[in-house]
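Asks: Here it is, the structure, as structure tokens.
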Amino acid sequence: MVETIKNVSRLRKEDFDHKSGDSAALKVKELLIRIMMPSIKDLVIPKWLFDSLEKRLVDMRERLRHKELELERIKRMLKDRGLSPNTLRLYIVTGLLEETPTIQSGETAKLICPWCNEINLVSLPLIEIIEEAQKKHWIFRAHCQYCSKIIDVEPHRLLSMLELKRRDLNIANKIISNPST
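Numbering (this note's numbering), first residue to last: 1 to 181.
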């Protein structure tokens, strides 16, 4: 058995005549490589596997670019029609029962409810309000639109949401402005 594996593994692509049916030997070689892959994965990646992964990556990037463009087109279309998704409003919790509505910045972010795991869109407050709340150790509160439970959000989490949103916007602008990459 070991001798057979050695003989099959010595086969090269150049040795095959694909028209005469030697592709079965190539399939055997690929099968053996897949079987041996767990033991040699740290040492070698076969060229055919690397090429197929590279091709898949290019295809997935292209599909992602098309999906992002389609999403932007749908958002513009909905905005032109005057439709917008329901967004949650954040409140600043300054005391035990005191909830003060925040001034919205116009940006939205996704907030996952920890109880029902549904995605809620939340209107983000102005960055000055977030920084003030962070200095005074206040928290922000939203009410899930699906299960109506309270979602408490720390100011540093909102700052990271804003930063992530701006970074994603910069990346999307680079992709749209330079489609060749």
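We treat Cβ as the ideally placed atom computed from N, Cα and C, and that holds for glycine.
Name the DSSP beta bridge partners of Y91, please?
Replies: According to DSSP, which records beta bridges pairwise, Y91 is partnered with P101 and R141.
Asks: Determine, using beta-carbon pairs with one atom in the region 71-85 and one in the region 126-143, whether at least three such pairs fall under 8 angstroms.
Replies: Because the criterion of three Cβ pairs below 8 angstroms is not met, the region 71-85 and the region 126-143 do not touch.
Asks: Based on DSSP bridge pairs, tell me the residues matched to L111.
Replies: Partner(s): N120.
Asks: What residue from H143, G106 and W138 has the CA that sits closest to I112's CA?
Replies: Here the closest residue by C-alpha is H143.
Asks: Helix, strand or coil for T181? Go by DSSP, reduced to three states.
Replies: Because T181 carries a pLDDT of 48, less than 50, the predicted location of this residue cannot be relied on, and the following value inherits that uncertainty. DSSP places T181 in coil when its eight states are reduced to three.
Asks: Note the first and the last residue of the continuous alpha helix (DSSP H) segment covering I127.
Replies: I127 -> alpha helix (DSSP H) spans I127 to K135.
Asks: Less than 8 angstroms between the C-beta atoms of L124 and L162, yes or no?
Replies: In contact: L124 and L162 (Cβ atoms closer than 8 angstroms).
Asks: Looking at the unbroken beta strand (DSSP E) that takes in I45, where does it start and where does it end?
Replies: From DSSP, I45 is part of no beta strand (DSSP E); its letter is neither H nor E.
Asks: Touching or not, the region 94-104 and the region 59-70, by the rule of three or more beta carbon pairs under 8 angstroms?
Replies: With the cut-off at 8 angstroms, the region 94-104 and the region 59-70 do not touch.
Asks: Return the residue from the list I35, E30 and M36 that minimises the CA-CA distance to K47.
Replies: Taking only the C-alpha atoms, the option nearest K47 is E30.
Asks: Within 10 angstroms of the Cβ of W115, are there 16 or more other Cβ atoms? Answer buried if so, exposed if not.
Replies: When all chains shown are included, W115 counts as exposed.
Asks: Under 8 angstroms, do R141 and Y91 count as touching if we go by C-beta distance?
Replies: A contact, by the Cβ cut-off of 8 angstroms.
Asks: If you draw a straight line from the alpha carbon of N170 to that of S84, how long is it in whole angstroms?
Replies: Near 23 angstroms, if we compare the C-alpha coordinates of S84 and N170.
Asks: Give the straight-line distance between the Cα atoms of T94 and K149, rounded to the nearest whole angstrom.
Replies: Whole-angstrom Cα-Cα distance: 19 angstroms.
Asks: In whole angstroms, what is the alpha-carbon distance linking L121 and K136?
Replies: Taking the straight line joining both Cα atoms gives about 26 angstroms.
Asks: When you compare the CB positions of K165 and E107, do they come within less than 8 angstroms of one another, or not?
Replies: For K165 and E107, yes; Cβs fall inside 8 angstroms.
Asks: Taking the alpha carbon of L159 as the point to measure from, which residue in H66, N86, I139 and D80 has its own alpha carbon closest?
Replies: Residue I139 is the option with its Cα nearest to L159.
Asks: With which residues is V153 paired in a DSSP beta bridge?
Replies: In DSSP, V153 forms a bridge with F140.
Asks: Nearest CA to the CA of Q134: which residue from N117, E154, Y146 and L32?
Replies: Of the candidates N117, E154, Y146 and L32, the one whose C-alpha sits nearest the C-alpha of Q134 is E154.
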